Amino acid sequence: MRFGGVVLCAATVAAVGCQQPGSDLMDFDRTAVEAEVREAVNGYFAAQNSNDAEQVFETYLQSEEFAYLGVTGVIGGWEGFRATVANWFRNRPDIVFEHQTELVQVLGPAVAVATVRASSTQQEWLLFTQVYVRQDDGRWLVAHEHVSWPEAPAPTRHPGMDEMPEVPEGVEP
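Quick look at the structure:
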């Protein structure tokens, strides 16, 4: 009986230990993921250039897991970010961005980091680092964003904070 238990245990370990790793971690097309993320970056900047705040917001992960880090400090959560930057977008209808995706680092089939060099009609040199996450419907959304530029001041309030704050739907002023 003891020998039978050892054989059963060895067979189980061999069967489980020899299985291939899960496809989510190893078997995915990194080139395809990189291309999808580059397309998402292009969509993000097209939304920025549309001068439509709602179209821009559709490129972001709208959850409490969203995080923004810039010279304005850290903004955690979608609602705080939206309330802070909505008026910034609305008050700059003529801003235009140009961009070049420098690097896409694929971390998995549903997560990648994009490093983007950009400029705008208001800033000659910008650097975006964005973490993109794939949604169940296939869309890639920005879950974390860091924006900086040379000679940026020490962390301050976002320019949108000095403008009339927007009250998110369903929230009493």
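Heads up, the sequence shown is in our numbering, so the first residue is 45 and it goes up one at a time.
Built from N, CA and C at the ideal position, the CB exists for glycine as well.
Please read all numbers here as calculations on a predicted model, not as lab measurements.
- Item | For Ala162 and Glu83, the rounded distance between their alpha carbons | 16 Å
- Can you tell me whether Val140 is buried or exposed, with buried defined as 16 or more other CB within 10 angstroms of its CB? exposed
- Item | Residues that Val118 bridges to, as DSSP identifies them | Per DSSP, Leu113.
- Message: Please state whether the Cβ-Cβ distance between Glu87 and Glu108 is less than 8 Å.
- Response: Here residue 87 turns out to be Gly, not Glu, going by the sequence shown. No, the pair does not count as a contact, with Cβ atoms beyond the cut-off.
- According to DSSP, is Ala156 helix, strand or coil? Correct three-state label for Ala156: strand.
- From the DSSP output, in three-state form, read off Arg134 for me. helix
- Message: Please list the terminal residues of the continuous alpha helix (DSSP H) segment that includes Gln99.
- Response: 97-101
- In angstroms, rounded to a whole number, what distance separates the CA positions of Ala130 and Val100? Near 10 Å, if we compare the C-alpha coordinates of Val100 and Ala130.
- Task: Could you work out which residue in Ser192, His143, Val177, Gln144 is closest to Ala156 when comparing CA atoms only?
- Result: Val177
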